[in-house]
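Undergrad: Going by the working numbering, the final residue of the sequence shown carries number 132, and the count climbs one at a time with no gaps. We treat Cβ as the ideally placed atom computed from N, Cα and C, and that holds for glycine.
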Amino acid sequence: MKLTSLRMITKDIQQTVEFYEKTIGLTTQWYTEDFAELSGDSITIAIGSTRTMKLFGENFREATGNKNTIIEFRVANVDEEYERIKSIASDIVQEPTTMPWGNRSLLFSDPDGNLINFFTPVSVEAIKKFS
């Protein structure tokens with residue numbers, strides 16, 4: 002089994018796509034006005050409008066932010082990313098902080114309230130894990 006993508010559902014697809022283009026620096030491939038993907042070396046982020054959920058059946062659920070899942074990206078320097086992100090993200094949950102497991106972490110929300118973590122391994126163990 003191979004994880005191929007992460008799909009998010011949003012009320013405002015234009016705003017969400019623009020946010021992710023700015024924060025992770027990937028170009029969007031639009032397939033329809035209701036579905037787009039941003040693909041990189043290690044992940045594809047699919048973004049669908051709430052209208053796409055109706056294609057899956059009648060048990061449509063309203064899209065709301067998820068505080069139980071964190072979308073994580075390893076970055077070269079989390080402190081430099083913070084300087085760039087603070088003008089893009091309106092909700093910085095945690096400024097760069099070194100976590101007990103050895104990553105320096107920046108936590109913020111996207112326009113739908115989904116949590117995003119940019120992190121840089123800083124301890125010997127964490128650096129070794131991601132080498």
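Looking at Ile93: is its Cβ nearer than 8 Å to the Cβ of Phe119?
TA: What you label residue 93 is simply residue 92 of the sequence shown in a count that begins at 1. What you label residue 119 is simply residue 118 of the sequence shown in a count that begins at 1. No, Cβ-Cβ distance for Ile93 and Phe119 is not below 8 Å.
Undergrad: Buried or exposed for Pro97, please, with buried defined as at least 16 other CB atoms from any protein chain shown within 10 angstroms of its CB.
TA: Locating residue 97 in the sequence shown gives position 96, counting from the first residue. Pro97 should be labelled buried.
Undergrad: Does the pairing of the region 40-58 with the region 11-23 give three or more beta-carbon distances under 8 Å?
TA: Because the criterion of three Cβ pairs below 8 Å is met, the region 40-58 and the region 11-23 touch.
Undergrad: Spatial neighbours of Phe131 within its chain, please: C-beta separation below 8 Å, excluding the five flanking residues on both sides.
TA: Residue 131 sits at position 130 when you count from the first residue of the sequence shown. Cβ neighbours of Phe131 beyond the five flanking positions: Arg75 and Pro122.
Undergrad: For Ile71, which of helix, strand or coil comes out of DSSP?
TA: Locating residue 71 in the sequence shown gives position 70, counting from the first residue. Note: Ile71 maps to strand in three-state DSSP.
Undergrad: In the DSSP assignment, find the beta strand (DSSP E) that holds Thr121 and state where it starts and stops.
TA: Along the sequence shown, read from residue 1 onward, the residue named residue 121 stands at position 120. Segment Leu116 to Pro122, the beta strand (DSSP E) holding Thr121.
Undergrad: Out of curiosity, what's the CA-to-CA distance linking Lys23 and Lys55?
TA: For the purposes of this step, residue 23 is taken as the residue at position 22 of the sequence shown. For the purposes of this step, residue 55 is taken as the residue at position 54 of the sequence shown. Cα to Cα, Lys23 sits roughly 29 Å from Lys55.
Undergrad: Have a look at Thr70, Leu107 and Gly58 and flag the residue whose alpha-carbon is nearest the alpha-carbon of Asp80.
TA: The residue labelled residue 80 in the question sits at position 79 within the sequence shown. Selected option, being the one with the closest Cα: Leu107.
Undergrad: Could you check the C-alpha separation between Ile89 and Val125 for me, to the nearest Å?
TA: By 1-based counting over the sequence shown, the position of residue 89 is 88. By 1-based counting over the sequence shown, the position of residue 125 is 124. Near 31 Å, if we compare the C-alpha coordinates of Val125 and Ile89.
Undergrad: In the DSSP assignment, find the alpha helix (DSSP H) that holds Arg85 and state where it starts and stops.
TA: Reading the sequence shown from its first residue, position 84 is the one you call residue 85. From DSSP, the alpha helix (DSSP H) with Arg85 extends over Val79 to Ile86.
Undergrad: What is the DSSP secondary structure of Glu34, reduced to helix, strand or coil?
TA: Stepping through the sequence shown from its first residue, residue 34 is reached at position 33. In this structure, Glu34 counts as coil in the three-state DSSP scheme.
Undergrad: Please state the DSSP three-state secondary structure of Ile44.
TA: Sequence index remark: in the sequence shown, residue 44 carries index 43 (1-based). In the structure shown, Ile44 sits in coil (DSSP, three-state: anything other than H, G, I, E or B).
Undergrad: Just list the residues that DSSP pairs Asp13 with in beta bridges.
TA: The count along the sequence shown starts at 1 and reaches residue 13 at position 12. The partner list for Asp13 (beta bridge, DSSP) is empty, contrary to what the question assumes.
Undergrad: Keeping to the same chain, check which residues put their C-beta closer than 8 Å to that of Lys68; ignore five residues upstream and five downstream.
TA: If you number the sequence shown from 1, residue 68 lands on position 67. Within the same chain, Lys68 has close Cβ partners Gly114 and Leu116.
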